[in-house]
Amino acid sequence: FAYFYGRPRWDHGSSMTLTYAFSPTDMIDYISLSEIKTVFKRSFSRWASVIPVNFTEIDDYPSANIKIGFFKGDHGDGQPFDGVLGVLAHAFSPENGRFHLDEDETWAIDFEKVKSKTAIDLESVATHEIGHILGLAHSSIKEAVMYPSLKPRSKKVNLKLDDVEGVQALYGSNPNFKYSSLLAYENSYNKAINL
Amino acid sequence: RITPGQVTVITIDDQNATWYNFTRFKDAEKGCHISGMSELKKYFQRFGYLSIPNNQNDNFTDVFDAQFESAVILYQQKFGLPVTGKLDSETISTIMSPRCGVSDTESTIHATNH
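Which chain is which? The protein sequence lines are A and B, in order. Heads up, the first sequence is in the working numbering, so the first residue is 20 and it goes up one at a time. Heads up, the second sequence is in the working numbering, so the first residue is 17 and it goes up one at a time.
Spelled out as structure tokens, the structure:
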């Protein structure tokens, strides 16, 4: 795992709650807002399960800690998107909170329903970008959520040991988190793929 | 092998992917001069592997020079690829994969890795 320069993190006291909101104007219309919200709720809860940080959705976009939206091309932050594929999304380090997804991608939450060869799994990208929002930079571990690339029509949503150790070094461990359950999951996964 | 009676289905996407096609640089190594390599150098600069040239009117050349070789090695290390310093097929394939727009190295100078 790796951190941004200066190792920035959110510092909101001991029992930390970060709010997030979706842009009222910059969203996509081919996936319902409720489905998008469900996907993000799952992604946030994965990180919340390993660190003592809660994430709460609010309606007031301007006042949210984390601001989520879909944008096309040059959208004013100096990091223009580039159309289909290439760069999929980006997010800023703590405590900025901007979370931008490339509107030009074919976002999918169910590959059975979306047949496009260039479909990108929204949940995988959401989980990755939340890692940036929390202060993790890119990892060199291919299996980690924080690895920089993601192939179309593939999913990578489960945090790996590398992701967990990185974020816990920033925020500490969630008291309910057990390494054994993560290791058991990784072992069963490795066994399943015959490693 | 396709036997009589089998049907080949070709799926054609309704979208035009606009991502760079860097396949023509496959197998390039130090000393090569390939037209358009400056675009690949811009990609490396975009993600933090290469700094903007100082003495070349701010333009990258199409030459696979020592500085670019170092950038390729750094990229291969970061992505867990075999470190060859060349644009082998695995490296080209990784470069062309969709990715996050956050820089890999520029902002993580003092990163903690293990």
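Glycine included, every Cβ here is placed at the ideal spot set by N, Cα and C. A quick note: this is a predicted structure, and the numbers were derived from the prediction, not measured.
Simplified DSSP state of residue i, which is helix, strand or coil
i                 : result
Asn-37 (chain B)  : coil
Tyr-39 (chain A)  : strand
Ser-53 (chain A)  : helix
Asn-84 (chain A)  : coil
Glu-184 (chain A) : helix
Ala-21 (chain A)  : coil
Gln-93 (chain B)  : helix
Asn-206 (chain A) : helix
Phe-215 (chain A) : Not covered by the structure: residue 215 (chain A). The range shown for chain A is 20 to 214.
Thr-100 (chain B) : coil
Ser-192 (chain A) : coil
Ser-109 (chain B) : helix
Ser-62 (chain A)  : helix
Phe-84 (chain B)  : helix
Arg-62 (chain B)  : helix
Ser-200 (chain A) : helix
Gly-32 (chain A)  : coil
Ser-54 (chain B)  : helix
Pro-71 (chain A)  : coil
Ser-119 (chain B) : coil
Val-79 (chain B)  : strand
Ser-168 (chain A) : strand
His-49 (chain B)  : strand
Glu-5 (chain A)   : What is shown of chain A runs 20 to 214, which leaves residue 5 (chain A) out entirely.
Thr-19 (chain B)  : Confidence at Thr-19 (chain B) is low in this model, with a pLDDT of 46, below 50, so its placement is unreliable and the value that follows should be read with caution. Note: Thr-19 (chain B) maps to coil in three-state DSSP.
Pro-114 (chain B) : coil
7 Å Cβ cutoff met for residue i and residue j
i                 : j                 : result
Leu-155 (chain A) : Gly-116 (chain A) : no
Leu-104 (chain A) : Pro-114 (chain B) : yes
Gly-52 (chain B)  : His-109 (chain A) : no
Glu-87 (chain A)  : Phe-23 (chain A)  : The question names Glu, yet the displayed sequence has Ile at residue 87 (chain A). No, the pair does not count as a contact, with Cβ atoms beyond the cut-off.
Phe-89 (chain A)  : Phe-74 (chain A)  : no
Pro-171 (chain A) : Thr-137 (chain A) : yes
Gly-96 (chain B)  : Ser-34 (chain A)  : no
Leu-107 (chain A) : Asp-121 (chain A) : yes
Val-79 (chain B)  : Ile-89 (chain B)  : no
Val-69 (chain A)  : Val-183 (chain A) : yes
Ala-87 (chain B)  : Leu-66 (chain B)  : yes
Ile-77 (chain A)  : Thr-38 (chain A)  : yes
Leu-169 (chain A) : Ser-143 (chain A) : yes
Val-164 (chain A) : Leu-178 (chain A) : yes
Lys-46 (chain B)  : Glu-85 (chain B)  : yes
Asp-120 (chain B) : Gly-64 (chain B)  : yes
Val-58 (chain A)  : Ile-128 (chain A) : yes
Phe-41 (chain B)  : Ile-50 (chain B)  : yes
Gly-102 (chain A) : Asp-79 (chain A)  : no
Arg-118 (chain A) : Ile-85 (chain A)  : Residue identity check: residue 118 (chain A) is Phe in the sequence provided, not Arg. For Phe-118 (chain A) and Ile-85 (chain A), yes; Cβs fall inside 7 Å.
Pro-81 (chain A)  : Gly-92 (chain A)  : no
Ser-54 (chain B)  : Phe-76 (chain B)  : yes
Do the segment 98–118 of chain A and the segment 24–44 of chain A meet, that is, are 3 or more Cβ pairs less than 8 Å apart?
-> In this structure the segment 98–118 of chain A lies against the segment 24–44 of chain A, because at least three pairs of beta carbons, one per stretch, are closer than 8 Å.
How about the segment 150–168 of chain A and the segment 119–139 of chain A: do they share at least three Cβ pairs that are nearer than 8 Å?
-> With a cut-off of 8 Å, the segment 119–139 of chain A and the segment 150–168 of chain A do not count as touching, because too few Cβ pairs lie within range.
Runs of beta strand (DSSP E) wholly within the segment 104–158 of chain A (minimum 3 residues, chain order) | List check, beta strand (DSSP E) in window: 108–110, 117–121, 125–127 and 138–140.
Pull out every residue of the segment 122–143 of chain A whose Cβ sits closer than 7 Å to any Cβ of chain B, in chain order.
-> Within the segment 122–143 of chain A, contact with chain B at the beta-carbon level (separation under 7 Å) is assigned to Thr-125, Ser-135, Lys-136, Thr-137 and Ile-139.
Contact residues within the segment 104–123 of chain B, judged by C-beta distance below 7 Å to chain A | Of all residues in the segment 104–123 of chain B, Thr-110, Ser-113, Pro-114, Arg-115, Cys-116, Gly-117, Val-118, Asp-120 and Ser-123 have a Cβ within less than 7 Å of some Cβ in chain A.
Along the segment 72–100 of chain A, what residues have a CB closer than 8 Å to any CB found in chain B?
-> Within the segment 72–100 of chain A, contact with chain B at the beta-carbon level (separation under 8 Å) is assigned to Gln-98 and Phe-100.
With 9 Å as the limit, tell me which residues of the segment 142–159 of chain A have their beta carbon closer than that to any beta carbon of chain B; keep them in chain order.
-> Listed in chain order, the positions of the segment 142–159 of chain A with a beta carbon within less than 9 Å of a beta carbon of chain B are Val-144, His-147, Glu-148, His-151, Ala-156, His-157, Ser-158 and Ser-159.
The segment 104–122 of chain A: positions lying closer than 9 Å to chain B by Cβ = Here the close residues are Leu-104, Gly-105, Val-106, Leu-107, Ala-108, His-109, Ala-110, Phe-111, Ser-112, His-119 and Asp-121.
Going along the chain, which residues of the segment 90–103 of chain B sit with their C-beta nearer than 8 Å to a C-beta in chain A?
-> For the segment 90–103 of chain B, which is checked against every Cβ of chain A, the residues closer than 8 Å are Gln-93, Lys-94, Phe-95 and Gly-96.
Near-chain B residues of the segment 162–188 of chain A - C-beta to any C-beta below 7 Å = Listed in sequence order: Pro-167, Ser-168, Leu-169, Lys-170 and Pro-171.
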